[in-house]
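Beneath this line is the structure, given in structure tokens, with notes to follow.
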Amino acid sequence: MTQTLHPTDDELFYFLALHMIPGIGPALAKTLISYHHTARQVFQTKISALSTTPGIGRVLAERIQNFLKDHGRQVEMEYNYLKKNNIQILAFYSPDFPSRLKNIPSSPSILFYKGNINLNDFHLVAIVGTRKATPYGSLVTKKIVEDLKKYNVCIVSGLAYGIDVIAHKAALEHGIPTLAVLAHGLDRIYPPLHTPVAKEISASGGLLTEYFRGSKPDKENFPVRNRIVAGMCEVVIVVEAADSGGALITADFARSYRREVFAVPGRLGDVYSEGTNQLIKQGEAHLFTDADDLANILHWDLPGRDQRPKIIQADLFPHLTDAEAEIYQLLKSTEKVHIDQIMMQTDLPLSKLLSMLTEMELKGAIISLPGKVFQAL
Numbered sequence: 001m002t003q004t005l006h007p008t009d010d011e012l013f014y015f016l017a018l019h020m021i022p023g024i025g026p027a028l029a030k031t032l033i034s035y036h037h038t039a040r041q042v043f044q045t046k047i048s049a050l051s052t053t054p055g056i057g058r059v060l061a062e063r064i065q066n067f068l069k070d071h072g073r074q075v076e077m078e079y080n081y082l083k084k085n086n087i088q089i090l091a092f093y094s095p096d097f098p099s100r101l102k103n104i105p106s107s108p109s110i111l112f113y114k115g116n117i118n119l120n121d122f123h124l125v126a127i128v129g130t131r132k133a134t135p136y137g138s139l140v141t142k143k144i145v146e147d148l149k150k151y152n153v154c155i156v157s158g159l160a161y162g163i164d165v166i167a168h169k170a171a172l173e174h175g176i177p178t179l180a181v182l183a184h185g186l187d188r189i190y191p192p193l194h195t196p197v198a199k200e201i202s203a204s205g206g207l208l209t210e211y212f213r214g215s216k217p218d219k220e221n222f223p224v225r226n227r228i229v230a231g232m233c234e235v236v237i238v239v240e241a242a243d244s245g246g247a248l249i250t251a252d253f254a255r256s257y258r259r260e261v262f263a264v265p266g267r268l269g270d271v272y273s274e275g276t277n278q279l280i281k282q283g284e285a286h287l288f289t290d291a292d293d294l295a296n297i298l299h300w301d302l303p304g305r306d307q308r309p310k311i312i313q314a315d316l317f318p319h320l321t322d323a324e325a326e327i328y329q330l331l332k333s334t335e336k337v338h339i340d341q342i343m344m345q346t347d348l349p350l351s352k353l354l355s356m357l358t359e360m361e362l363k364g365a366i367i368s369l370p371g372k373v374f375q376a377l
């Protein structure tokens, strides 16, 4: 399936159904659609052919084939609930799916989004920190958000107490889009106290989750959620953090995804500056000084120029086609990528993909490594 077209409502119904089948997680969902091109086609493929799909087998193939017959009404109810509540289904191959998130390890295959902005139109900036924000942390967070406004950003956080909600509120105050990434379904808000803020966020930004309706904010969901925050953003700013906690987990994810991490320095001896000071000391984060310094490090345009995020440094490889540039961006976002992953992400036939990769290597944009692995230069 092409990544440049929006899935039809019919396709999204089958895509939703596929993700409701026990035993089908993100990896298998991507494999099935890679091999059979659409979610609808997955359900229309015979068991004998379906069972030969890597990772499926006979038992799971039969479960897929029987699922709509046995649970079609349940899928209809879920689909109608989403439509009624203006919740979008973002498929991993949709152009509305956060572009950077597509290429991280263990990326989600489905997201539920209640909002009114295209997330790929902005520089996505995560601002995270302790739930027990100090007056200093609150002041700094508000200042950071205000100063970032001129750079066409969307502020991303997790709607938790402390730094998270302060960042969201500051964005709302200054008319900046903000996105809350949740660790539960969109049929609830956690903590409940932040329900009014969540309503404002959905009106001027969005709420995003990979969890189905009915999913509770269980403890184990939060670190999993943090990978989405880190994966979809260009940069993570840690304002205040103790020597452990969710903000540092998000920073760890960000570094592993080769995202830039900034930390706000704090006074020696302050409990909620121990984590940020340690990040800076160990060279795991840039020392945050101001928004302009951050923008300079990230090579963002100066205020007043075209602020759309650059997909690729075209001046480095000006002769790449649009399709080649998309592959280059995929390779650039991770250290090394196997050809199977490239094929799954681009939905290109193997013969065409091999031809394009060869051409890109001749242009000096990539190199091929042993084991059908490719790396951007």
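All the letters of the sequence shown, read from the start, carry residue numbers 1 to 377 under full-length UniProt numbering. By construction, the Cβ of each residue, glycine as well, lies at the ideal position given by its N, Cα and C atoms.
Residue burial classification, residue i (beta-carbon count within 10 angstroms, cutoff 16)
| i | result |
| --- | --- |
| residue 74 | exposed |
| residue 350 | exposed |
| residue 335 | exposed |
| residue 14 | buried |
| residue 313 | Residue confidence is low: residue 313 scores 44 on pLDDT, short of 50, so the model does not pin down where it sits. Its coordinate-derived value is still stated next. Burial call: exposed. |
| residue 55 | exposed |
| residue 105 | exposed |
| residue 227 | buried |
| residue 306 | Legend: pLDDT at residue 306 = 48, less than 50; position of this residue unreliable, value from coordinates given subsequently. The residue in question, residue 306, is exposed, as its Cβ has fewer than 16 Cβ neighbours within 10 Å. |
| residue 297 | exposed |
| residue 98 | buried |
| residue 369 | exposed |
| residue 210 | buried |
Boundaries of the beta strand (DSSP E) in which residue i is found, first to last residue
| i | result |
| --- | --- |
| residue 160 | Run containing residue 160: none; DSSP gives neither H nor E here. |
| residue 195 | Segment 195-204 is the alpha helix (DSSP H) holding residue 195; no beta strand (DSSP E) there. |
| residue 367 | 366-369 |
| residue 139 | Note, residue 139: premise wrong, no beta strand (DSSP E); alpha helix (DSSP H) at 135-148. |
| residue 112 | 110-115 |
| residue 241 | Element bounds for residue 241: n/a, residue is neither H nor E. |
| residue 389 | What is shown of the chain runs 1 to 377, which leaves residue 389 out entirely. |
| residue 263 | 260-263 |
Whether residue i touches residue j by CB criterion (8 Å)
| i | j | result |
| --- | --- | --- |
| residue 201 | residue 168 | yes |
| residue 212 | residue 231 | no |
| residue 229 | residue 181 | yes |
| residue 118 | residue 333 | no |
| residue 16 | residue 29 | no |
| residue 272 | residue 130 | yes |
| residue 172 | residue 115 | no |
| residue 240 | residue 134 | yes |
| residue 176 | residue 153 | yes |
| residue 166 | residue 142 | yes |
| residue 21 | residue 63 | yes |
| residue 203 | residue 189 | no |
| residue 254 | residue 151 | no |
| residue 243 | residue 278 | yes |
Own chain partners of residue i with C-beta closer than 6 Å, once the 5 adjacent residues on each side are dropped
| i | result |
| --- | --- |
| residue 183 | 217, 221, 222, 225 |
| residue 26 | 108, 109 |
| residue 79 | 13, 16 |
| residue 373 | 336, 338 |
| residue 91 | 7, 15 |
Chain-order list of residues whose beta-carbon lies under 8 Å from that of residue i (same chain, five-residue window excluded)
| i | result |
| --- | --- |
| residue 262 | 235, 236, 237, 238, 285, 286, 287, 288, 294 |
| residue 377 | 364, 365, 366, 367 |
Bounding residues of the alpha helix (DSSP H) (the contiguous stretch that carries residue i)
| i | result |
| --- | --- |
| residue 64 | 57-84 |
| residue 271 | Here residue 271 belongs to no alpha helix (DSSP H), and DSSP marks it neither H nor E. |
| residue 361 | 350-362 |
| residue 174 | Segment: none, residue 174 is in no alpha helix (DSSP H) and carries neither H nor E. |
| residue 123 | It is not in any alpha helix (DSSP H) - residue 123 instead sits in the beta strand (DSSP E) that spans 123-128. |
Residues near residue i by beta carbon distance below 7 Å, same chain, minus five either side
| i | result |
| --- | --- |
| residue 81 | 213 |
| residue 11 | 38, 39, 40 |
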